[in-house]
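Numbering (the UniProt record's numbering), first residue to last: 1 to 260.
Shown next as structure tokens:
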């Protein structure tokens, strides 16, 4: 018997731990106020690959709402800027009014704590993915003190280029046991950015990114091999290896299926 099978026999999330080779991953993206034309760059790649993705929304997006056959919508509140009167309490509530069926959360810049956790549960949130464990093997899920399912993601596009990792699909942490939750950002994919400097330069001084017309970025997409190319090839690798994708809510739902 695989020693990991025995170790995790009572873990409700074990079927997503890839204990006998990688067979399941979860794709996610943090919208970060990207306009729908940038979000579409990610959705087109995912749709063409016949896969699923969980999108953590910062604002109302008609495109996300129209794409729910292969998109799960979670919430992405910016808790780094609490309301002067209400603090954090309305951040999740207002987003949930836009997306009343959402049960997932990833906080902007992963700004998350006990008070936010309690607000989330009170608002009907069932899971949180605000923990980032860069390239960590054996990433696991757990059920927090208040019943919130806590999951971690192990890779994202921005950090990949920030630390100077090569734009090569073989450099992504796809092998080994553990949860495989990968994250991208629409603006980086839309611009096919080779580093985050391109996005920062083009968005510097913009206070309302959602409203910026696509013409502002016309001709600014990187023409070489960038993050859009890498993500396309990553999805192709998933297809080649028959690795299935799941919504993050499917991982969280393992709790109810096992009666935990």
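Ideal Cβ placement from N, Cα and C applies to all residues, glycine included.
Start and end residues, beta strand (DSSP E) containing residue i
i	result
residue 5	Here residue 5 belongs to no beta strand (DSSP E); instead the alpha helix (DSSP H) covers 3-7.
residue 24	24-30
residue 72	71-75
residue 181	181-184
7 Å Cβ shell around residue i - same chain, five flanking residues per side excluded
i	result
residue 139	133, 152, 154, 178 and 179
residue 224	194
residue 185	29, 30, 32, 157 and 158
Classification of residue i by the beta-carbon crowding that lies within 10 angstroms, buried from 16 upward
i	result
residue 206	exposed
residue 106	buried
residue 231	buried
residue 137	exposed
Contact check, residue i vs residue j, beta carbons under 8 Å
i	j	result
residue 196	residue 233	no
residue 48	residue 20	no
residue 254	residue 226	no
residue 203	residue 25	no
residue 32	residue 58	yes
Terminal residues of the alpha helix (DSSP H) in which residue i lies
i	result
residue 57	Segment 53-57 is the beta strand (DSSP E) holding residue 57; no alpha helix (DSSP H) there.
residue 160	157-162
residue 251	248-252
residue 300	Because the chain spans 1 through 260 in this model, residue 300 falls outside it and cannot be assessed.
residue 48	36-48
residue 202	196-203
Same chain, Cβ closer than 8 Å to residue i, neighbours up to 5 away in sequence not counted
i	result
residue 148	117, 120, 121, 125, 126, 127 and 128
Same chain, Cβ closer than 6 Å to residue i, neighbours up to 5 away in sequence not counted
i	result
residue 37	214
residue 165	171
- prompt: Residue ranges of each beta strand (DSSP E) run of no fewer than 3 residues wholly in the stretch 109-150, ordered along the chain?
  reply: 127-132
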